[in-house]
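Participant: Structure provided below as structure tokens; questions to follow.
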Amino acid sequence: MSFTVVLDRYLNESVTEYGAILDLELRTTDHKYQNEFNELLQNDNKDALLAKLVDSAKVFLKNMGDNAFEPTANLYINTIDSLTSEMDVDVLGPIESAVKNLGVEQYIASKSNVKPTSVISVLSNVFNFVPETSRLRVLILQQIVDLASRNYLQSLLSPTIAKNFLCWILKVEDADTEDVRKLANQIFAEIYTFNQTEALTFYSNLLQNENLESAFNAEDRENFVLKALSAKKYFAIKDACFSSKLNDPALAQLLVLVQTANLKEFNTFISTSEGKSLSVKLDLDTLSLRVKCTAIPKILETLSEESGKHAFGYEEIAKEICVSGAEVEEILIECIQQGFITGRLSQPEEILYLNRVNSAYATNAPLTAEEWQKAGKYLQKWSVTIDGLQSLIKNLISKNGKRMLPPEAIQIFHQQKQEMKEQMQKERERRQEQDKQENIEPEHKGGESQTATAEEVSVA
39 MSFTVVLDRY LNESVTEYGA ILDLELRTTD HKYQNEFNEL LQNDNKDALL AKLVDSAKVF
99 LKNMGDNAFE PTANLYINTI DSLTSEMDVD VLGPIESAVK NLGVEQYIAS KSNVKPTSVI
159 SVLSNVFNFV PETSRLRVLI LQQIVDLASR NYLQSLLSPT IAKNFLCWIL KVEDADTEDV
219 RKLANQIFAE IYTFNQTEAL TFYSNLLQNE NLESAFNAED RENFVLKALS AKKYFAIKDA
279 CFSSKLNDPA LAQLLVLVQT ANLKEFNTFI STSEGKSLSV KLDLDTLSLR VKCTAIPKIL
339 ETLSEESGKH AFGYEEIAKE ICVSGAEVEE ILIECIQQGF ITGRLSQPEE ILYLNRVNSA
399 YATNAPLTAE EWQKAGKYLQ KWSVTIDGLQ SLIKNLISKN GKRMLPPEAI QIFHQQKQEM
459 KEQMQKERER RQEQDKQENI EPEHKGGESQ TATAEEVSVA
């Protein structure tokens, strides 16, 4: 087994070491690679040397074990970089050839003993080596995603690739939009299998970016909407104009009704032939429950402000969302699980004790005049709070460096505590002195008795 530490060294040393590793791993006779590389170096035939090095990358997956693969591949990249720098030629051509030799098709065809995670690690190093503006980065990402997909390693795509994909792609110059689209769709599909919310967030950011908007078509957007509406956890499509970019008018209308949580019109729409046609693509019963859940926060918030109470009977809520009392509990449980509201349900009393409505799940319905007034009041209260904080900060800054006495109540408490401590110490000392006196008195009495007896004996 060989291992390689890549150092910033002279080209000759790197080439010699690389040739020695190939001879060891491929078990060649007479040091074939090392001798060939050294001969080309001595003849200063760098063009032929570069061609030999590029061709040698074909043996990585086919002939190497997992332990030797990654360090050898890293040494190869370093050697190619050093050689092309001396030749003053673009390094990206040879690097691209190496990347293609590490693709998923070659990996499967070679029946390699190299772990797919090791190949992905090398490709990641190459990705970081290549300039941010190079189109080669798109190809490398495609190879990584393909390997992860074929080897059930979808979790490797998150969070790094999902989080940085948009930033990476925007820096690539003259990237092929179709390649970007296919790659983005593949990443979305792979991540969706194990983390729906992260996948939807990833794709939503791409669709909302003005620089990538033209890369995606109506079919891509419809697929995104269907997955968002079918997700286990509620995902809000905040773009109010998103429906206008869909080719399917029925799906576009349904999306608007879901976004605005218009329960009455939603129920009417899904009972029409146009609405029923969507049952092939969506579970309308589950979606109906979702719309009821998204409507409830606003209903409860309105009821709470009008009545000033935070406890609501099931029947009262059922009346507002036009369902039977028996259905309310299931809907409220779903609301709590989805995070729309926080509260406690009392099944015997059939009452919801509301703690808070989560405003993050607000619908896309336009605000009414009353809601604008309410928002103005909230902003006014917030402004007063900010003014109070600023005043407090100014007072603290003005007193900076001055010793501030604690409040009077705290001073009295510490004074009483100190007095009590001193009193207890005095009492302890008094008791110790008393104990000493009690121990001394019996000794004195015994001494007097012995003296008297001695005197009596002497007199006798």
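Take our numbering: the last position of the sequence shown gets the number 498, and nothing is skipped along the way. Cβ coordinates follow ideal geometry from the N, Cα and C atoms, glycine included. Values in this document were obtained by computation on a predicted structure and should not be read as measured data.
1. Could you tell me if D68 is buried or exposed, where buried requires 16 or more neighbouring beta carbons within 10 angstroms of its beta carbon?
2. Out of I369, G351 and L113, point me to the one whose CA is closest to E388's CA.
3. Below 8 Å on the Cβ atoms is my contact criterion, and I expect P104 with V137 to pass it. Report the Cβ-Cβ distance as a whole number of Å.
4. Could you tell me whether the region 303-321 touches the region 241-258, where touching means 3 or more Cβ pairs closer than 8 Å?
5. Quick one: grab the DSSP three-state call for F254.
6. Could you compute how far the alpha carbon of E51 sits from the alpha carbon of Q192?
7. Which of helix, strand or coil does DSSP assign to Y416?
8. Quick one: what does DSSP say S421 is sitting in, helix, strand or coil?
9. Only counting the same chain, and skipping five residues up and downstream in sequence, which positions put a Cβ closer than 8 Å to that of C331?
10. Which residues in the same chain have their Cβ closer than 7 Å to the Cβ of Q72, if we skip the five residues on either side of it in sequence?
11. Of the residues L289, L78, Y114 and A89, which one's Cα is nearest the Cα of S311?
12. Starting from N105 and walking both ways along the alpha helix (DSSP H), at which residues does that stretch end?
13. Hey, out of R394, D212 and F107, whose CA is closest to L174's CA?
14. Alpha carbon to alpha carbon, how far is A111 from D323? Give it in angstroms, no decimals.
15. So, with DSSP's three-state summary, where would you put A299?
16. Do the CB positions of L320 and L284 come within less than 8 Å of each other?
17. So G131 packs on Q181, CB below 8 Å; how close in whole Å?
18. Looking at K222: is its Cβ nearer than 8 Å to the Cβ of Y230?
19. Starting from V52 and walking both ways along the alpha helix (DSSP H), at which residues does that stretch end?
20. State the Cα-Cα distance for the pair K336 and N396, rounded to the nearest angstrom.
21. Quick check on N139: does DSSP put it in helix, strand or coil?
22. Within the same chain, show all residues whose beta-carbon is closer than 8 Å to that of F165, passing over the 5 residues directly before and after it, in chain order.
23. Please state if the CB of L88 and the CB of L121 are separated by a distance shorter than 8 Å.
24. To the nearest angstrom, how far is it from the Cα of L338 to the Cα of A269?
25. Do I158 and L194 have their beta-carbon atoms positioned less than 8 Å apart in this structure?
26. By DSSP, does R173 sit in helix, in strand, or in coil?
27. With a threshold of 16 other CB atoms inside 10 Å of the CB of D85, please say whether the residue is buried or exposed.
28. Note the first and the last residue of the continuous alpha helix (DSSP H) segment covering A356.
29. Hey, would you say L392 sits closer than 8 Å to L383, going by beta carbons?
30. Do you know offhand how far A274's Cα is from V168's?
31. So L162 and K100 are in contact, right, with Cβ under 8 Å, and what is the actual spacing, rounded?
32. Pop quiz: E74 and K90 are said to be a contact at Cβ under 8 Å. What is the actual Cβ separation, rounded to whole angstroms?
33. Quick check on the DSSP output: what are the complete alpha helix (DSSP H) runs of length 4 or more inside the region 192-255, in order along the chain?
34. Could you tell me which of L79, N300, Q428 and E344 sits nearest to L327, measuring between CA atoms?
35. Can you look up T380 in the DSSP assignment and give me helix, strand or coil?
36. Does DSSP put A269 in a helix, a strand or coil?
Facilitator: Here's the rundown:
1. For the purposes of this step, residue 68 is identified with residue 30 of the sequence shown, where counting begins at 1. Exposed is the call here.
2. Stepping through the sequence shown from its first residue, residue 388 is reached at position 350. Out of I369, G351 and L113, G351 has the C-alpha closest to the C-alpha of E388.
3. Residue mapping note: residue 104 aligns to position 66 of the sequence shown, counting from 1. Residue mapping note: residue 137 aligns to position 99 of the sequence shown, counting from 1. Here the sequence assigns Asp to residue 104, which means Pro is not the residue at that position. Not really, about 19 Å apart at Cβ, beyond 8 Å.
4. no
5. As a first step, residue 254 is located in the sequence shown; it is residue number 216 there, counting from the start. Of the three classes helix, strand and coil, the one that applies to F254 here is coil, per DSSP.
6. Taking the sequence shown and counting its residues from 1, the one referred to as residue 51 is at position 13. Taking the sequence shown and counting its residues from 1, the one referred to as residue 192 is at position 154. E51 and Q192: Cα-Cα distance of roughly 39 Å.
7. The residue labelled residue 416 in the question sits at position 378 within the sequence shown. Reduced to three states, the DSSP call for Y416 is helix.
8. In the sequence shown, residue 421 corresponds to position 383, counting from 1. If DSSP states are grouped into helix, strand and coil, S421 belongs with the helices.
9. The residue given as residue 331 occupies position 293 in the sequence shown. These residues qualify, in order along the chain: Y272, I369, E372, C373, Q376 and F378.
10. As a position in the sequence shown, residue 72 is number 34, starting the count at 1. Within the same chain, Q72 has close Cβ partners T54, G57, A58 and D61.
11. As a working note, residue 311 is residue 273 in the sequence shown. Selected option, being the one with the closest Cα: L289.
12. In the sequence shown, residue 105 corresponds to position 67, counting from 1. Start and end: D104 to M125.
13. Taking the first residue of the sequence shown as position 1, residue 174 is located at position 136. Of the listed residues, the one whose Cα sits closest to L174 is D212.
14. As a position in the sequence shown, residue 323 is number 285, starting the count at 1. As a position in the sequence shown, residue 111 is number 73, starting the count at 1. Answer to the nearest angstrom: the Cα atoms are 54 Å apart.
15. Taking the sequence shown and counting its residues from 1, one reaches residue 299 at position 261. It is coil, neither helix nor strand.
16. As a first step, residue 320 must be located in the sequence shown, where it is residue number 282. As a first step, residue 284 must be located in the sequence shown, where it is residue number 246. Contact flag unset, no.
17. The count along the sequence shown starts at 1 and reaches residue 131 at position 93. The count along the sequence shown starts at 1 and reaches residue 181 at position 143. About 17 Å separates the two Cβ atoms, so there is no contact after all.
18. On the sequence shown, position 184 is the one that residue 222 refers to. On the sequence shown, position 192 is the one that residue 230 refers to. It is Ala, not Lys, that sits at residue 222 in the sequence shown. Their beta carbons are not under 8 Å apart, which means A222 does not touch Y230 by this criterion.
19. Stepping through the sequence shown from its first residue, residue 52 is reached at position 14. It should be noted that the sequence gives Ser, not Val, for residue 52. Where S52 is concerned, the enclosing alpha helix (DSSP H) stretches over L49 to L64.
20. By 1-based counting over the sequence shown, the position of residue 336 is 298. By 1-based counting over the sequence shown, the position of residue 396 is 358. Computed Cα separation, rounded: 10 Å.
21. To locate residue 139, count along the sequence shown from 1; it is residue 101. DSSP places N139 in helix when its eight states are reduced to three.
22. Translated into positions along the sequence shown, residue 165 becomes position 127. Taken in chain order, the residues that qualify are R175, I178, L179 and I182.
23. For this step, residue 121 is matched to residue 83 along the sequence shown. For this step, residue 88 is matched to residue 50 along the sequence shown. Against a cut-off of 8 Å, the Cβ pair of L88 and L121 comes out as a contact.
24. Looking up residue 338 in the sequence shown gives position 300. Looking up residue 269 in the sequence shown gives position 231. Between L338 and A269, the C-alpha separation is close to 25 Å.
25. One-based indexing of the sequence shown puts residue 194 at position 156. One-based indexing of the sequence shown puts residue 158 at position 120. For L194 and I158, yes; Cβs fall inside 8 Å.
26. Here residue 173 refers to the residue found at position 135 of the sequence shown. Coil.
27. Looking up residue 85 in the sequence shown gives position 47. The residue in question, D85, is exposed, as its Cβ has fewer than 16 Cβ neighbours within 10 Å.
28. As a first step, residue 356 must be located in the sequence shown, where it is residue number 318. Counting along the chain, the alpha helix (DSSP H) containing A356 begins and ends at Y352 to I359.
29. Numbered from its first residue, the sequence shown carries residue 392 at position 354. Numbered from its first residue, the sequence shown carries residue 383 at position 345. Contact flag unset, no.
30. The residue you call residue 274 lines up with position 236 of the sequence shown. The residue you call residue 168 lines up with position 130 of the sequence shown. Spanning the two alpha carbons is a distance of roughly 37 Å.
31. In the sequence shown, residue 162 corresponds to position 124, counting from 1. In the sequence shown, residue 100 corresponds to position 62, counting from 1. Inspection of the sequence shows that residue 162 is occupied by Ser rather than by Leu. The Cβ separation is near 21 Å, so there is no contact.
32. The residue given as residue 74 occupies position 36 in the sequence shown. The residue given as residue 90 occupies position 52 in the sequence shown. Indeed, because the Cβ distance is near 6 Å, the residues count as touching under 8 Å.
33. 198-209, 215-230 and 234-246
34. The sequence position of residue 327 within the sequence shown is 289, counting from 1. The shortest Cα separation from L327 among L79, N300, Q428 and E344 belongs to N300.
35. Counting from one through the sequence shown, the residue named residue 380 turns up at place 342. Three-state DSSP puts T380 in a strand.
36. Locating residue 269 in the sequence shown gives position 231, counting from the first residue. In this structure, A269 counts as coil in the three-state DSSP scheme.
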